[in-house]
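Shown next, in structure tokens, is the structure this report addresses.
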Amino acid sequence: MINKPSKTLYLSIESRLCDVALVGHAVRGVCTCSPLKAEAYGEMEVCVVEALNNAITHAYKRQEGYRVDTAITLHHDRISFEVTDEGNAMEEFAPRSLEFDPEVIGSIPENGMGLFIIETLMDEVSYSSKNGRNTLYFCRYFTQPQA
């Protein structure tokens, strides 16, 4: 297969939850240019929206006036996303699990659901914090890598 050059769309929004949907719509649009099935577009959108919501809610404590950047990249074999902020870094990045009793409403976790969703729907997820910039990276391969 000939490697085509990757194409990246960069989007920047202010740290307002009401602006997150704009990026979600852009994700769906970029997905139409990929080999992903239409059913996957919503999954990609949900993951990016969750990452943006986390940055605004946790890194910036829902304070407006800050920037959240998103890079959506189409590679020959995958679509990848980077959500970057300059707020408070994540203290611990580790795989999430949802362990709760569905019969007990108080046992449903209040935090970690967004990352759990991203880790469940994506093939790779990583996080880095360097020089005051926090980046959550995640991607979905168009075909599953051979083991």
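Using the UniProt record's numbering, the letters of the sequence shown correspond one by one to residues 1 to 147. Cβ coordinates follow ideal geometry from the N, Cα and C atoms, glycine included.
- DSSP places residue 71 within a strand segment (E or B) once states are collapsed to three.
- Comparing alpha-carbon positions, the option among 9, 34 and 125 lying closest to residue 71 turns out to be 9.
- By the Cβ-count criterion, residue 45 is buried, with 16 or more other Cβ atoms from all chains shown falling within 10 Å of its own Cβ.
- Approximately 11 Å separates the beta-carbon atoms of residue 48 and residue 13; this is outside 8 Å, ruling out the contact.
- If you compare the alpha carbons of 56, 137 and 143 with that of residue 82, the shortest gap goes to 137.
- In the three-state reduction of the DSSP assignment, residue 11 falls in the strand class.
- Measuring C-alpha to C-alpha distances from residue 132 to each of 7, 89, 6 and 37 identifies 89 as the nearest.
- Of the residues assessed, residue 62 falls on the exposed side of the cut-off, its CB having fewer than 16 other CB atoms within 10 angstroms.
- Taking the CA atoms as reference points, residue 32 sits about 21 Å from residue 124.
- Membership of residue 41 in the alpha helix (DSSP H) is indicated by the continuous run 38 to 54.
- Taking every protein chain shown into account, the CB of residue 139 has 16 or more other CB atoms within 10 angstroms, so this residue is buried.
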